[in-house]
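Going by my numbering, 25 is the number at position 25 of the sequence shown; the sequence numbering is gapless. Ideal Cβ positions, reconstructed from N, Cα and C, are used throughout, including at glycine. Keep in mind it's a predicted model, so treat the numbers as computed, not measured. To keep things clear, I will list the structure first and then write my remarks on it.
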Amino acid sequence: MTVRELTLPGPLAQLRWPAWVRRGPAFCRDFGVVVVVLLVYFVLRGQAPANEDFAMSVTEKLVSFERATFTFWEPNVQDFSIHFYWTQEVVNFIYAYGHFPILAAVGGWLWWRGRERFVFMRNVMFISMVIGLIAYYTIPAAPPRLMALHGEDLGFTDTIFGGHTAVSYAQPALILNDYAAVPSFHFGWIALASAAMWVNSTHRWVRALAVALSAVMTWAIVASANHFFIDMVLGAGVVAFAWWLARRHERRRTRPASAPAG
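Listed below in structure tokens is the structure:
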């Protein structure tokens, strides 16, 4: 795709502007589109009906699946992780403040390496949003931190919304949805950022950072009792499917036209 550079009239056009200045408007336009779509997505997610009883039944089935597959480790991970107050605050900080800054930083890095790389990852995110909204409206699920509130105490502590923390993760009522736990895009989109870093760089430190980002966010999500492992697996699965669809669309769009017979 062609990136339109900044053009100025008169004498200013004769100046040798740095590349980042000339490409600035296109960068702002592309990121502006993502911000607008994100806002629409969160408003729509916030309007999903809160069927709490059904959400609890879904979560109970997910817990039963984890127990059957011997992967119900979340209470132990949380107990170990928040043994000290400072580690609890680290967990809360990463969960609350580490999500969108990482996505923005990776998105900016991709754009300046090649706009087409950014556009592809943006398309993956947009496709995953559609799938996620369908899930939030049809199969709401409760996060671990709300289980005790509904009479199913599995030993989780709500470290962020339960008080005793300096970390604020308050959200406007317009976008708030406590039962949009499946799929988990808090993990899925960080996994997308990690995958983008991995496939767009062969530098070992970049790839090591990519793995570390997903690993640390996994720890923060579980230790703050915001998602089960299965929620995150499903989030990554949705992103992987969206990746496949975006790649399929990209190949179809760039496929050369068949030569005319003759």
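For residue i and residue j, what's the separation of their Cα atoms in angstroms?
{"i": "L245", "j": "Y137", "result": "22 Å"}
{"i": "F80", "j": "T87", "result": "10 Å"}
{"i": "V40", "j": "T218", "result": "26 Å"}
{"i": "V33", "j": "R122", "result": "10 Å"}
{"i": "A242", "j": "M125", "result": "7 Å"}
{"i": "G46", "j": "A173", "result": "8 Å"}
{"i": "R115", "j": "R29", "result": "12 Å"}
{"i": "R253", "j": "V119", "result": "14 Å"}
{"i": "R255", "j": "R248", "result": "11 Å"}
{"i": "F185", "j": "F70", "result": "24 Å"}
{"i": "R207", "j": "V36", "result": "30 Å"}
{"i": "A68", "j": "V233", "result": "16 Å"}
In chain order, what residues of the same chain lie with their CB nearer than 7 Å to the CB of residue i, ignoring the 5 residues before and after it?
{"i": "F27", "result": "W111"}
{"i": "A223", "result": "V77, Q78, S81, I82 and V91"}
{"i": "E66", "result": "F72, F228, F229 and I230"}
{"i": "R113", "result": "N200"}
{"i": "R117", "result": "L110 and N200"}
Confirm, please, whether the CB-CB distance from residue j to residue i is below 8 Å.
{"i": "V91", "j": "A215", "result": "no"}
{"i": "L149", "j": "L44", "result": "no"}
{"i": "M147", "j": "F156", "result": "yes"}
{"i": "A225", "j": "R145", "result": "yes"}
{"i": "E250", "j": "E152", "result": "no"}
{"i": "M197", "j": "A212", "result": "no"}
Starting from residue i, follow the alpha helix (DSSP H) in both directions and report where the run begins and ends.
{"i": "H186", "result": "F185 to V199"}
{"i": "N123", "result": "R115 to T138"}
{"i": "P75", "result": "E74 to S81"}
{"i": "D231", "result": "F229 to T254"}
{"i": "G267", "result": "Outside the displayed range of the chain (1 to 262) lies residue 267, so it cannot be described from this structure."}
Below 6 Å CB to CB, which residues in the same chain sit around residue i once its five sequence neighbours on both sides are set aside?
{"i": "P140", "result": "N51, A55 and Y179"}
{"i": "I131", "result": "V238"}
{"i": "G235", "result": "P183, S184, F185, F187 and G188"}
Under 8 Å, Cβ to Cβ, is there at least one residue of chain C near residue i?
{"i": "I190", "result": "Structure shown: chain C not included; a single protein chain is present."}
Is the region 101-110 in contact with the region 183-194, if contact means three or more CB pairs nearer than 8 Å?
yes
Are three or more beta carbon pairs between the region 222-229 and the region 56-75 nearer than 8 Å?
yes
Between the region 95-104 and the region 160-176, do three or more beta carbon pairs fall short of 8 Å?
yes
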